[in-house]
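A.B. asks:
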Amino acid sequence: MSSQKFQNISLTSPQRALVESFRCNNLVEFKRALEKGANVNIRDRDTTYSVFELACTTPGKSEFIKECIHNGAFLNASNPDTKEYPLHLAAQSLDSENIAVLLDTKQVDVNQKLEDRTTLFLLFEQINSDNYNEAFKCIKLLLERGANINTTNEENKSPIACLVDGTDVWRKEILEYCLHSTRQRVNVDFRRGQARKLIEKNFPGTHIPDYNMDIVTPEMLKNKLFTGTEDDFLEDYNTYCSQKRGDALSESDRKDLLSEAVYRKKLRAAQCLVQPQTKDGKFNGNPSLLSGLLATCCNYGNVEILDWLLTIIPVHEADLINEESLLSLLVLKIDMYKDKNKCPFFKIMKLLLNDPRTEIDKTDGKGCTALHYAVKYKITHAIELLLSKGAYLGGENLFGDLPISEMDSSLLEKHLNSCVTSNDRKPSDNEYEVKINFFNFIPPARKPELKGLSYEDEMGPILRMAQTNDKKRLLRHPVIASILLLKWLQLIRFFYINLLSCTVFFVSFTMYVVFCYGRDDSPFKQFVYWLSIVGWFYLTIREIMQFLLNSREYLRSMENLMEVFLILATAVVLTREFDDENRRVASALVILLSALEFTLLIGTLPVLSISTHMVMLKTVSKNFLKCLVLYSIILLAFAFSFYTLFRKNGSPQANKASPEVPAAGDDSGDDDQFNQFGEVPLALMKTAVMLTGEFEAANIKFQQSSLSYVVFALFLFFVSIVLFNLMNGLAVSDTTAIKAESELIGFTQRVFVINKYENALKTSKPIRCISNFLPKFLAPKSLQLFPRDAPLKFIGVKPNQSNEILKPASFDRYKHDVEMGDMDSDKKLEMVGMLEPNRTLGTNCWNTSCLNNMDGKIVKYALDILHSRQEVVGSTDYRLSLVEQNVEKIMKDQMELKNLMQSLVTLLRPEQ
1 MSSQKFQNIS LTSPQRALVE SFRCNNLVEF KRALEKGANV NIRDRDTTYS VFELACTTPG
61 KSEFIKECIH NGAFLNASNP DTKEYPLHLA AQSLDSENIA VLLDTKQVDV NQKLEDRTTL
121 FLLFEQINSD NYNEAFKCIK LLLERGANIN TTNEENKSPI ACLVDGTDVW RKEILEYCLH
181 STRQRVNVDF RRGQARKLIE KNFPGTHIPD YNMDIVTPEM LKNKLFTGTE DDFLEDYNTY
241 CSQKRGDALS ESDRKDLLSE AVYRKKLRAA QCLVQPQTKD GKFNGNPSLL SGLLATCCNY
301 GNVEILDWLL TIIPVHEADL INEESLLSLL VLKIDMYKDK NKCPFFKIMK LLLNDPRTEI
361 DKTDGKGCTA LHYAVKYKIT HAIELLLSKG AYLGGENLFG DLPISEMDSS LLEKHLNSCV
421 TSNDRKPSDN EYEVKINFFN FIPPARKPEL KGLSYEDEMG PILRMAQTND KKRLLRHPVI
481 ASILLLKWLQ LIRFFYINLL SCTVFFVSFT MYVVFCYGRD DSPFKQFVYW LSIVGWFYLT
541 IREIMQFLLN SREYLRSMEN LMEVFLILAT AVVLTREFDD ENRRVASALV ILLSALEFTL
601 LIGTLPVLSI STHMVMLKTV SKNFLKCLVL YSIILLAFAF SFYTLFRKNG SPQANKASPE
661 VPAAGDDSGD DDQFNQFGEV PLALMKTAVM LTGEFEAANI KFQQSSLSYV VFALFLFFVS
721 IVLFNLMNGL AVSDTTAIKA ESELIGFTQR VFVINKYENA LKTSKPIRCI SNFLPKFLAP
781 KSLQLFPRDA PLKFIGVKPN QSNEILKPAS FDRYKHDVEM GDMDSDKKLE MVGMLEPNRT
841 LGTNCWNTSC LNNMDGKIVK YALDILHSRQ EVVGSTDYRL SLVEQNVEKI MKDQMELKNL
901 MQSLVTLLRP EQ
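Those letters in the sequence shown? Residues 1 to 912, per full-length UniProt numbering, in order.
1) Let me confirm a value: P787 is counted as buried when at least 16 other C-beta atoms fall within 10 Å, else exposed. Which label applies?
2) Quick check on DSSP: helix, strand or coil for I858?
3) In terms of residue numbering, what span does the beta strand (DSSP E) encompassing I313 cover?
4) Compare the beta carbon distance of T152 and F121 with 9 Å and say whether it is the shorter of the two.
5) Please determine, among D893, L593, P443, the residue with the shortest C-alpha to C-alpha distance to G394.
6) Counting along the chain, where does the beta strand (DSSP E) carrying L806 start and finish?
7) By the DSSP assignment, the beta strand (DSSP E) with F794 in it spans what residues?
8) Quick one: what's S422 bridged to in DSSP?
9) Which same chain residues, not among the five before or five after S62, have their C-beta less than 8 Å away from its C-beta?
10) How many Å lie between S328 and L412 at the Cα?
11) Return the chain-ordered list of same chain residues with a C-beta closer than 6 Å to the C-beta of F715, the five sequence neighbours on each side being excluded.
12) Looking at the C-beta of M616, does it have a partner C-beta in chain C at a distance below 9 Å?
13) In angstroms with no decimal places, state the Cα-to-Cα distance between E35 and T57.
14) Work out the CA separation of L785 and L257 for me, nearest whole Å.
15) With DSSP as the reference, label L682 as helix, strand or coil.
16) Quick one: complete beta strand (DSSP E) runs, 3+ long, within the stretch 171–240?
17) Is the stretch 529–543 touching the stretch 498–513, taking contact as three or more C-beta pairs under 8 Å?
18) With a 10 Å radius around its C-beta and 16 neighbouring C-beta atoms as the bar for buried, classify R268 as buried or exposed.
19) DSSP three-state label for R23, please.
20) Going by other Cβ atoms of all chains shown within 10 Å of its Cβ, with 16 needed for buried, is F794 buried or exposed?
21) Taking H70 as the reference, give the member of T82, D81, N41 with the closest Cα.
22) Go ahead and label L749 buried or exposed: buried means 16 or more other beta carbons lie within 10 angstroms of its beta carbon, across all protein chains shown.
23) How would you write the range of the alpha helix (DSSP H) that T510 sits in, first residue to last?
24) By DSSP, does L114 sit in helix, in strand, or in coil?
25) Nearest by alpha-carbon distance to F712: which of L726, F695, F724 is it?
26) G603: which of W488, M562, G746 sits nearest, CA to CA?
27) Since S853 sits in a beta bridge, which residues does DSSP pair it with?
28) Just to confirm the assignment: which complete beta strand (DSSP E) runs, minimum length 3, are found wholly within the stretch 313–370?
29) Can you grab the Cα-Cα spacing for the pair R425 / K471, in whole Å?
30) Just the C-alpha distance for E324 and R464, rounded to the nearest angstrom, thanks.
31) Can you tell me which of N582, T421, A391 puts its alpha carbon nearest to the alpha carbon of N354?
32) Smallest Cα separation from A135: which of G285, E359, R171?
33) According to the Cβ coordinates, are R192 and T167 closer than 9 Å?
34) Tell me the residue span of the alpha helix (DSSP H) that contains K137.
35) Go ahead and pull the three-state DSSP assignment for F786.
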C-alpha cells in the first residue's frame with residue numbers, strides 16, 4: 001500500500017491505518033496512525049487480540065512493541081478470552097527481543113502466571129527439536145532477568161521435569177546450562193524426585209548440584225501440600241516464617257498456596273495462610289486473596305472449608321460470595337438419585353442460603369439462576385430449598401425461559417400452600433389473621449448499570465402461568481389471586497378511565513356517522529363532531545405510546561393493527577365528506593370497525609359473565625376459521641361445479657351478449673341470476689349461503705343436466721349435513737368447556753388485562769413526560785407491589801373482621817427514607833418487614849386506602865389450606881401422643897418387672 005493511501009486512511013480512520021500498517025510491517029505509518037489517535041488496546045469484533053497483543057506474539061516486532069508501550073499499551077492486563085498476559089504472548093513468538101522489550105519496562109513481573117504456569121514454564125512446554133535454538137535464547141534471557149526455575153504448575157511439575165522428558169542432545173545442553181550456569185539452585189526433588197529420576201534415566205552421569213533442602217521455598221511448601229501431610233506443611237511453613245524472620249509470602253505465592261490448600265481440602269493449612277485477621281476472626285487483608293476459593297469448594301464439595309470461609313469473609317465483602325453463580329454451580333453438581341442428607345453439594349447449598357449475603361437469584365453467563373437449573377434437571381429437593389429461601393419464579397434467561405415454565409404444578413402448589421400461614425390465635429378469635437407471603441414474586445434488585453427500566457416485570461411469572469395449561473388452575477390460589485386483586489385495585493382507575501373515554505368516542509362517532517354525516521350543519525352535529533375529534537386524539541395518543549413502548553410486540557397483535565386502521569378511517573371520515581355512494585361505504589366500514597373495537601373493549605371488563613362470553617366469541621370464531629381453511633377446498637369445488645352446471649348459457653360471453661332485461665320494478669332477474677349461479681362471485685356467495693341450510697332448491701334448474709342431481713345430493717350430505725353439524729358440534733363443545741372453566745377464564749383474562757396496562761405504564765420516555773405533569777394520577781410506579789426500595793413481602797387478612805386487608809406499616813415509611821437518601825433503609829425493612837413469631841399482623845399493619853376487604857373466595861381457599869394443614873399436624877400429634885403413652889407404659893412395666901426380679905433374688909439369696 002502506498003504512503004499516500006496510508007495517509008488518507010490515517011486521516012479518515014486512524015485505527016484502520018494502524019492495523020494495515022502493522023500487517024504491512026510499515027513502522028513509519030504505524031507511528032503516524034498512533035499520532036492521529038489510534039488505540040493499540042482496541043480489539044475488533046472478529047479478532048481475539050489487539051494490535052499490541054498481535055505485536056507481542058509475532059516474531060520481529062520489537063520496534064512495534066516499543067511504540068505500543070510508549071502509547072499506553074496495557075502491560076499487565078490479561079486477554080479476556082484467552083487470559084494470556086503480554087509476556088506470555090511474547091513467549092509464544094520465541095523472539096527474545098520481544099521479551100526483552102517488555103521486561104525492560106520494569107513494570108512486567110517475570111513470573112506472571114497463566115493457569116498456574118509462568119512464562120519460563122510455557123517455554124519449556126513448547127520447546128522441541130525445531131525451535132530449541134530460539135527457545136533457548138528466551139530461556140537464557142528469562143533466567144538472567146530473575147525468572148524462578150523452581151516454580152511449578154498446578155500439578156506440582158517443575159520446568160526441569162518437562163525438559164528432561166526426552167533423550168535429545170539439545171535437552172542436555174539446556175539442562176547443563178540450567179544446572180551450572182545460573183545463580184539459582186535447581187530443585188529436582190519435586191513430586192518425590194520426579195525430575196531427578198528422569199535425569200538419571202535419560203542423561204546418566206549428569207552432575208546435579210546439591211540443593212539446600214533446609215531452606216524452605218514457596219515451591220517446597222506447595223510440594224508439601226501436593227504430596228505431604230498437613231502436619232508436614234505446617235512444620236515447613238513455620239520454618240519458612242522463621243527463616244524469613246517474619247517476612248510474609250508474596251501475594252501471588254500466598255494465593256497459590258491457599259488455592260492449593262483449599263483444593264486439597266486441608267483446612268488447617270488454609271487457616272494459617274489467611275492473615276491478617278481482626279479480633280472477631282474476620283479477614284482483614286486484600287480481598288483478592290480469597291477470590292475464587294468459594295467456587296473451588298463448590299466444585300469439589302468441600303463443606304468444612306466453605307463454612308470457614310463464610311465466617312471469615314467480612315460483611316462488607318459480599319462481592320466475594322457473589323462473584324460467581326455458586327448456587328447454579330452446586331445445582332449442576334447435585335446427583336438427584338443420591339440421598340440429599342449425604343450430598344456435600346446440597347449441604348453447601350444450605351450453608352450459602354443461610355448466609356444473607358448470598359444472592360439467590362445470581363445469574364450465570366446464560367442468564368440462568370440456580371432455580372432455572374434445578375427445574376430443568378428436576379432436582380426436587382433443590383427446588384424446594386430454593387423456593388423456601390425466596391428464589392424468584394420469574395426472570396428470563398438468554399433463551400426466554402422462566403423457572404416457572406417447566407416447574408411441576410403439584411410441586412409449585414405445595415410451595416404456594418406453605419406461603420399461607422396464620423398467627424397463634426384460634427380460628428374463632430376476632431384477631432385471627434391469615435398471612436400471605438409474596439417473596440417468590442419479588443424481582444431481584446439489579447445493579448444500576450444493568451437496569452433497563454426502573455423496575456422489573458412483576459407480572460412475568462403470573463403471565464407465564466396463565467399461558468401454561470397445567471398451571472392455569474393455580475391462578476385461583478390465594479397467593480396469586482391476592483397479587484392480582486391488589487394490582488387490579490391499583491389499576492382499576494386507569495381501566496375505567498380508558499373505558500369511559502373510548503365509550504364516549506364510539507357513541508359520539510357512531511351518532512355523527514349515522515345521523516349527521518353528509519347533512520347540513522346543526523348544533524348537535526358540531527357537538528358530536530368535536531367530541532369525536534377529542535376521542536380520536538385520545539385513541540391516537542394511546543396507540544402511539546403503545547407502539548413506542550414495544551414496537552415489535554405491537555405489530556404482532558391483530559387488535560392493534562385493527563385499531564390503527566380504525567384511527568386512519570376515522571380521520572378520513574372526520575376530515576372530509578364524500579359523495580353519496582362513497583359516503584355509504586365509508587360510513588358502513590367505520591361503524592363496523594368501531595363496533596368491533598368497542599365489543600373487544602367491553603369484553604375486557606372484569607365481570608365474569610362478560611369476559612367468559614368474549615372468550616367464547618373469540619374461541620368459536622377462531623375454530624370456525626380453522627375449519628373453513630381446511631374445508632374451503634370442498635366448498636370451492638362445489639361452487640365451481642354449480643357454476644359450471646347451472647349457468648344459463650354455455651359461456652359467460654353469451655350471457656353478456658344476450659341478457660334478459662327484466663321488467664321495471666321486477667327483481668326476479670337478479671334473484672334468478674343469484675339462484676342459477678350466473679357468475680363466479682355469485683356462485684361462491686350462493687354456495688356459502690347453502691352451507692347454512694338456505695337452499696331455495698325450487699329455483700334451481702336441475703333439468704339442465706342429470707348430473708346436477710348427484711352433485712346437489714353430494715352437497716347436501718357432505719356440506720349441509722356433515723360439515724355444518726361438525727362445525728356446530730365444535731362450537732358447542734368449546735362453549736361447554738369454557739362455561740365449565742368460567743371462573744378460571746375470568747382470572748386468566750384479568751392477568752392479560754393487568755399485564756397489558758402495566759406494560760403501558762412502565763417508565764418509558766413518553767410515560768415519564770406525562771407523569772411529570774400528572775405525578776399523582778399517572779405515576780410510573782403506580783402499579784408496583786414490589787418496588788426495589790421496599791417491596792411488599794406479605795399481607796394480612798382478618799377473616800373474622802369482614803376479610804379486612806392489612807399491609808406492613810413500614811412499607812411507606814422506609815420507602816420515603818430511601819427516596820431521601822437513607823441507604824440503610826433496605827436493611828431496616830428486612831428486619832421489620834417480616835413479623836416475629838407469636839405476634840399479630842395488626843401490630844405492624846395498616847388498612848389499605850383503596851379497599852379494606854379481600855375477596856371472600858380467596859379467603860375461603862386460604863382457610864381450607866390452613867385447615868388441611870392443621871388436620872395433618874393434628875393427626876401427627878395424635879399419633880405421637882399414642883407412641884409416648886405406649887413408651888411410658890412399656891417403661892413402667894419394665895420398672896415393675898425389675899422390682900419383681902430384685903424381690904425374687906432377695907428371697908432366694910441364702911442367708912449369710
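Every residue, glycine too, gets a C-beta built ideally from N, C-alpha and C.
C.D. replies: Looking at the atomic coordinates:
1) buried
2) helix
3) Careful: I313 lies outside any beta strand (DSSP E) and carries neither H nor E.
4) yes
5) P443
6) 804–808
7) 794–798
8) V434
9) D95, E97, N98, A100, V101
10) 20 Å
11) F638
12) The displayed structure is made up of one protein chain only, and chain C is not part of it.
13) 23 Å
14) 49 Å
15) helix
16) none
17) yes
18) exposed
19) helix
20) buried
21) N41
22) First, the amino acid is wrong: residue 749 is Gln here, not Leu. So Q749 counts as buried.
23) 478–511
24) strand
25) F695
26) G746
27) According to the sequence as given, residue 853 is Asn; it is not Ser. Beta-bridge pairing links N853 to E804.
28) none
29) 33 Å
30) 28 Å
31) A391
32) R171
33) no
34) 132–144
35) coil
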